[in-house]
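> Residue numbers (our numbering), protein chains in the order written: chain Y, 1 to 176; chain G, 1001 to 1176.
After the structure tokens below, expect a handful of questions from me.
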DNA sequence: CTTATTTTGTATCGAGTCGATACTACTTGA
DNA sequence: TCAAGTAGTATCGACTCGATACAAAATAAG
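Here is the structure:
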């Protein structure tokens, strides 16, 4: 199966620059996830992994100075994660970007077809396994565009204001 | 990138039945590779890994009784690998089969489009990294259909007869 | 025919993954 | 208030994986 070979390929590129595949994936997630989702448990859900494993990966990333942990004011159990400047620089050298460039051999049409096919297969699989889609905030059923209470947009699930940036990031809570 | 999420998904399913992702991939390879390719170095090239890592994986599979090693008569450095009966049974319970069934949400058309897109991206990547395609024997430039020297087919690279089964398996040496 | 040189595979190390289990600390809800 | 649930860490054992070093056999070059 080709998807399997791709997975292997992506993984073998994931050992560059002194990081491990799991660490790259955590970094990428933190670069794309909105503030509500940048927590160890958000990352755990995204990776389909376990709390213990993710905890170790984050310790490694913190030791390398790529990720910073901050206490959550409202929930003293929770930890907020953010990329450091070095973390953002690392993402700019992400080996995956190169593979992403390989998609250029495809025409626009084919690229869209590939994306749609993968999306629907993924959706089917997530449904069966109870995984979360992690879609864009603005495509969520709880997203209220141009809400009337000050902020540009609003989340009716968490009941908070959303910036334009927020709405372009992925979210643990997102539902179609 | 969706391909990345798929890779992660495939990997997290790879811990079932007491095997690890790398072990499953080795097992799958040995179930699909022709006799010339069922060696530690063939597997190494397929996985894009290193000899040392593959050696360890094979030891683990041998200990579990899923793979058997045999000496090569002609080349006393080489090791021939084959699945045991238990190894073949394990492949029948491969968790990947389930994910493969997820492709059924796609129509014929979309499935073909997906396959073509992945194939061309993969080919581009392999060319840049010097990887081998591991295509079917019968699609190889060295494949001689219905050769005249007894065997049904023939390989003009290795200069050996090929059975019908041989020609339907993947090969390290395959070239378009 | 001897040396290189290459090829095939194993052994070992250190950092890290990953599922499992156990545990602490905090929050929530009856 | 107190039991149940949630967020996260610590630790264990099996394994991965790149790197390095090594041994044995095959091949090439002189």
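Cβ coordinates follow ideal geometry from the N, Cα and C atoms, glycine included.
Starting from residue 1105/G, trace the alpha helix (DSSP H) in both directions and tell me its first and last residue.
Looking at the DSSP string, residue 1105/G is not in any alpha helix (DSSP H), and its letter there is neither H nor E.
> Could you please give me the residues that DSSP links to residue 153/Y through a beta bridge?
DSSP output for residue 153/Y lists 162/Y as bridge partner(s).
> Is any beta-carbon of chain G found at less than 7 Å from that of residue 125/Y?
At least one chain G Cβ lies under 7 Å of residue 125/Y.
> Give me, in chain order, the residues of the same chain whose beta-carbon lies closer than 8 Å to that of residue 1026/G; leave out the 5 immediate sequence neighbours on both sides.
Excluding sequence neighbours, residue 1026/G sits near 1043, 1047, 1054, 1057, 1058, 1061, 1067.
> Find the residues of chain G that neighbour residue 94/Y, judging by a C-beta separation of less than 8 Å, and give them in chain order.
Here the premise fails: no neighbours, minimum Cβ distance about 10 Å.
> Comparing C-alpha positions only, which one of 1034/G, 1005/G, 1090/G sits nearest to residue 28/Y?
Among 1034/G, 1005/G, 1090/G, the Cα nearest to that of residue 28/Y belongs to 1005/G.
> Could you tell me whether the Cβ atoms of residue 1106/G and residue 123/Y are closer together than 7 Å?
Not closer than 7 Å, so no.
> Closer than 7 Å by beta-carbon distance: list the chain G residues that pair up with residue 7/Y, in chain order.
Within 7 Å Cβ-Cβ: 1006, 1007, 1010, 1011.
> Please report how far the alpha carbon of residue 99/Y lies from the alpha carbon of residue 162/Y, in whole angstroms.
Roughly 33 Å separates the two Cα atoms.
> Inspect the beta-carbon positions of residue 1103/G and residue 172/Y and report whether they are closer than 7 Å.
No, they are not a contact pair.
> For the candidate residues 1064/G, 1063/G, 1081/G, 1031/G, whose alpha-carbon lies nearest to that of residue 1071/G?
Of 1064/G, 1063/G, 1081/G, 1031/G, the residue nearest in Cα terms is 1081/G.
> Any residues in the stretch 1119-1143 of chain G with a beta carbon nearer than 9 Å to a beta carbon of chain Y? Which ones, in chain order?
So the list reads 1119, 1120, 1121, 1122, 1123, 1124, 1125, 1126, 1128, 1129, 1131, 1134, given in the order they occur along the chain.
> What number of angstroms, rounded off, separates the C-alpha of residue 79/Y from the C-alpha of residue 1023/G?
So the alpha carbons of these two residues sit roughly 35 Å apart.
> Using DSSP bridges, identify the partner residues of residue 141/Y.
Answer is none; residue 141/Y lacks a bridge partner.
> Chain G beta carbons: is any one of them nearer than 7 Å to that of residue 90/Y?
So, not an interface residue.
> Could you please give the first and the last residue of the uninterrupted beta strand (DSSP E) stretch that includes residue 51/Y?
Careful: residue 51/Y lies outside any beta strand (DSSP E), inside the alpha helix (DSSP H) at 51-63.
> Show which residues of chain Y have a CB atom less than 8 Å away from the CB atom of residue 1062/G.
Chain Y residues near residue 1062/G: none, gap ~21 Å exceeds 8 Å.
> Would you tell me roughly how many angstroms separate the C-alpha atoms of residue 19/Y and residue 1112/G, rounded to the nearest one?
Going by the C-alpha atoms only, they are around 36 Å apart.
> Kindly indicate the opening and closing residues of the alpha helix (DSSP H) around residue 80/Y.
Where residue 80/Y is concerned, there is no enclosing alpha helix (DSSP H), although the beta strand (DSSP E) it sits in stretches over 79-83.
> What three-state label does DSSP hand residue 1128/G in the structure shown?
Three-state result, residue 1128/G: helix.
> Give me the chain Y residues within the contact set of residue 1002/G, using Cβ-Cβ distance strictly less than 8 Å, ordered along the chain.
Here the neighbours are 115, 118, 119, 122.
> In chain order, what residues of the same chain have a beta carbon less than 8 Å from the beta carbon of residue 69/Y, not counting five sequence neighbours either side?
The residues are 58, 62, 79, 80, 81.
> Using a Cβ cut-off of 7 Å (strictly closer), state whether residue 998/G contacts chain Y.
A query on residue 998/G cannot be resolved here, the shown segment of chain G reaching from 1001 to 1176 and no further.
> By a C-beta neighbour count over all protein chains shown, 10 Å radius and 16 as the cutoff for buried, is residue 86/Y buried or exposed?
When all chains shown are included, residue 86/Y counts as exposed.
> Given this structure, state the Cα-to-Cα distance separating residue 1073/G from residue 1091/G, to the nearest angstrom.
Residue 1073/G and residue 1091/G: Cα-Cα distance of roughly 28 Å.
> With distances taken Cα to Cα, identify the nearest neighbour of residue 1014/G among 1034/G, 1045/G, 1094/G, 1002/G.
With distances taken between Cα atoms, residue 1014/G lies closest to 1094/G.
> Would you identify the three-state DSSP class for residue 121/Y, choosing helix, strand or coil?
Of the three classes helix, strand and coil, the one that applies to residue 121/Y here is helix, per DSSP.
> Suppose contacts are defined by Cβ-Cβ distances below 7 Å. Is residue 141/Y in contact with residue 45/Y by that definition?
No.
> Which two residues bound the contiguous beta strand (DSSP E) that contains residue 1071/G?
Element bounds for residue 1071/G: 1067-1071.
> Taking 7 Å as the threshold (beta carbon to beta carbon), is residue 1037/G in contact with chain Y?
Residue 1037/G does not count as touching chain Y.
> Any idea what DSSP makes of residue 1019/G, helix, strand or coil?
In the structure shown, residue 1019/G sits in coil (DSSP, three-state: anything other than H, G, I, E or B).
> To the nearest angstrom, how far is the alpha carbon of residue 1127/G from that of residue 155/Y?
Distance between the alpha carbons of residue 1127/G and residue 155/Y is about 46 Å.
> Under three-state DSSP, which class holds residue 147/Y?
Here residue 147/Y sits in coil by DSSP.
> Put residue 45/Y into one of helix, strand or coil per three-state DSSP.
Note: residue 45/Y maps to helix in three-state DSSP.
> When the distance is taken between beta carbons, is residue 1083/G closer than 7 Å to residue 1030/G?
Going by C-beta atoms, residue 1030/G is nearer than 7 Å to residue 1083/G.
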